[in-house]
Amino acid sequence: MERGLRAAPDSPSAGRHAAGSLIPQRAGLWQDIPGSGHVRGYPVNEWDKRYDCEDYVYGVEPNDFLRAHLKEIPKGEVLCLADGEGRNSVFLAEQGYQPTAVDYSAVALDKARRLAATRGVEIETIRADLADFELGRDAWTGIVSIFCHVPESIRQRVYRQVPEALVPGGVFLLEAYTPEQLAYGTGGPPTAELLADLDSLLQPLEGLDIVLARTLEREVIEGQLHTGLAHVAQIIARRPH
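Written out as structure tokens, the structure reads:
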């Protein structure tokens, strides 16, 4: 199993193993920070300001789509992209998986580790920029991407790595807001360039078997910033054995 992971030296793990070293060069990661016209080069302290509060701004419960389709992911090591405060990685740990949470915000990852500790589970955390992050090869039984909204060039770069980063039989699970979400105003980035339609999300996943691919309208009640009727894309894709 070849990981190829790179992590910032100031991103401690919650009890498993370190993963090398990476000092991020730029903030390619976006998690709908309001009032910003910036897409790239966003100062890391602004990310940390988003999460620097007692509340968990996206809640402490897992994403509904992940919870509903958890059985599709084989037990083992699961990578959670842009995991923020850890609600999804902690849930996976509670269900017997070995999750690794990746995010750009050190404050968010600290809250993720605290949440794991209060739940009596362990997660690994990596502070990294998705613009530079390497997913590895044959490394993960699952890769989870929940409301990970980045510019198209970064999205394509990350998702093109998914087929080889999964082990045979491994599963990629995604939920994201679509461009139609702009009319709903109930969460997600305020600019179309950080959103993608279903075809664009599927394009870099060539070589995977598509188990589910759809768009739909659903109620998203996940913390303070994802609340209300929304338009989302959902994908489950499996690497063939």
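Take -12 as the starting number for the sequence shown in my numbering and just add one per residue.
Ideal Cβ positions, reconstructed from N, Cα and C, are used throughout, including at glycine.
Residue state for glutamate 206 is assigned as strand, using DSSP reduced to three classes. In this structure, DSSP gives leucine 216 an extended state, which the three-state scheme calls strand. The DSSP-derived three-state label of proline 227 is coil. When secondary structure is reduced to three states using DSSP, aspartate 90 falls in the strand class.
Sorting Gln85, Val77, Glu81 by C-alpha distance to the C-alpha of aspartate 97 places Val77 at the top. Scanning its chain for C-beta atoms nearer than 6 angstroms, with the 5 sequence neighbours on each side dropped, one finds around leucine 161 the residues Ser132, Ile222, in chain order. Of the residues Val44, Val137, Pro138, Pro150, the one whose Cα lies closest to the Cα of tryptophan 127 is Pro150. In the structure shown, aspartate 35 adopts helical secondary structure according to DSSP, grouped into three states. Residue nearest to aspartate 125 within the set Ala217, Gly174, Gly157, Asn75 is Gly157 (criterion: CA-CA distance).
Judged by their CB atoms, leucine 117 and valine 137 are nearer to each other than the 8 angstroms cut-off. DSSP, reduced to helix, strand and coil, places proline 166 within a helical segment of the structure shown. Straight across, the Cα-Cα distance linking glutamate 209 with histidine 228 is about 34 angstroms. Between the alpha carbons of glycine 63 and isoleucine 110 lies a distance of about 13 angstroms. Around lysine 36, the same chain offers no residue with a beta carbon nearer than 6 angstroms, after the five sequence neighbours per side are excluded.
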